[in-house]
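Each residue of the sequence shown is one higher than the one before, starting from 1 at the first, in UniProt numbering.
From the three backbone atoms N, C-alpha and C, an ideal C-beta is built for every residue, glycine too.
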Amino acid sequence: MSTASGSESQVESFTVRGAVGKIAGDRWNPPENAERRDKAGNPKPPVLMLHGGAQTRNSWNRAAAVLSNDGYEVITLDARGHGDSDWAPDGDYDIFAMADDLVLAVGQLFDGARPVLVGASLGGITSLIALGRGDDVGGALVLVDVAPKLEREGVERVGAFMRSGIEGFDSLEQVADMVAAYQPNRPRPKNVDGLRKNLRQKDDGRWYWHWDPRFADNASGDNAALGAEVLGQYASRVEVPTMLLRGSNSDVIAEDAGDALREQIPHVFTRSVAEAGHMLVGDDNAVFLGNLGWFLDEIAVERAGHAGRAEN
């Protein structure tokens, strides 16, 4: 286990056992002077953050640092085939297999505690499946721009972006150009060194995404359409407090996705992040954190209410 000091939080890198190999992650420990109790006076729950497809746990770094400094223990994980986690030997990136990894990781990391699951895209679907099939992996769920009802064209665009870089890149500048074309609402980074954490440079000198290219085989509009009914069935079994955060400019879930999800999860909170797209955490991290903080406060009050009713 390696340890690095942030400005305030302590970040520890680790690995745990997944279903077919190791799962890599970071644990963000709050500083000693952080407030570790929520507004109801109870210990703040741990937060487990799961990234989207073709991303790595580094996509959460800014958000994890803020949450940790606010007194939350935060864990970020690389999904199988992504980042520093092992690739599936047989190329199995089925969502149910990833849910198996989640169950094993939670069992090793939290010693019986029930984390708040924060899942972007792939991470949200993985969490939805695990909770919907009855796995005790979390005490609350935040879906970040993902729901059972996905838009075919948006999913196709994501898949096309993933597949377009499979042959690698000549330089980080070329990567920056491609990302800027995919996300025209964001300024192109002047310093491209920040891209290194999402790429690997191989012996041929070319840069490759930090994930197994076989993962992209499942990113298609047809799979999105076929999976909506199945995901809806699992969603209807989710009982923990749930919030859907949608980017107002998202092309992956439509504006009515929240209404559709409420039919499956009647207790769901839905919120929209203005001027953000599918990658809403990167588009507006501050607003994302504001909404997440509001939800954490809401479930703190609910937990306190349940405890009070149990005592009476």
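- Here DSSP, grouped into helix, strand and coil, assigns Asp86 to coil.
- Taken through DSSP and simplified to helix, strand or coil, Lys22 comes out as strand.
- Only buried fits Ala99, as 16 or more other CB atoms lie within 10 angstroms of its CB.
- Taking a C-beta distance under 9 Å as the contact criterion, Asn249 and Asn185 qualify as a contact pair.
- In the three-state scheme derived from DSSP, where H, G and I count as helix and E and B as strand, Ile253 is classed as coil.
- Our two residues, Val273 and Gly124, have alpha carbons roughly 17 Å apart in a direct line.
- Per DSSP, Ile95 is not a residue of any beta strand (DSSP E); the alpha helix (DSSP H) it occupies stretches across 95–109.
- Glu73 and Ala257 have their C-alpha atoms spaced approximately 31 Å apart.
- With a cutoff of 9 Å on beta-carbon distance, Gly132 and Val20 are scored as not near each other.
- Straight-line spacing of the CA atoms in Glu275 and Leu245 works out to 13 Å.
- For the set Ile95, Glu229, Leu109, the Cα lying nearest the Cα of Ala130 is the one of Ile95.
- Taking C-alpha positions only, Ala300 is separated from Asn291 by approximately 14 Å.
- Taking each of Arg152, Ala97, Asp70 in turn and checking the Cα distance to Leu289, the smallest one comes out for Asp70.
- In the structure shown, the three-state DSSP call for Met49 is strand.
- CA-CA distance, Gln264 to Met243, rounds to 13 Å.
- Around the beta-carbon of Gln233, fewer than 16 other beta-carbon atoms lie within 10 Å, marking it exposed.
- Nearest to Asn61 by C-alpha distance, out of Pro189, Lys197, Ala34, Gln201, is Lys197.
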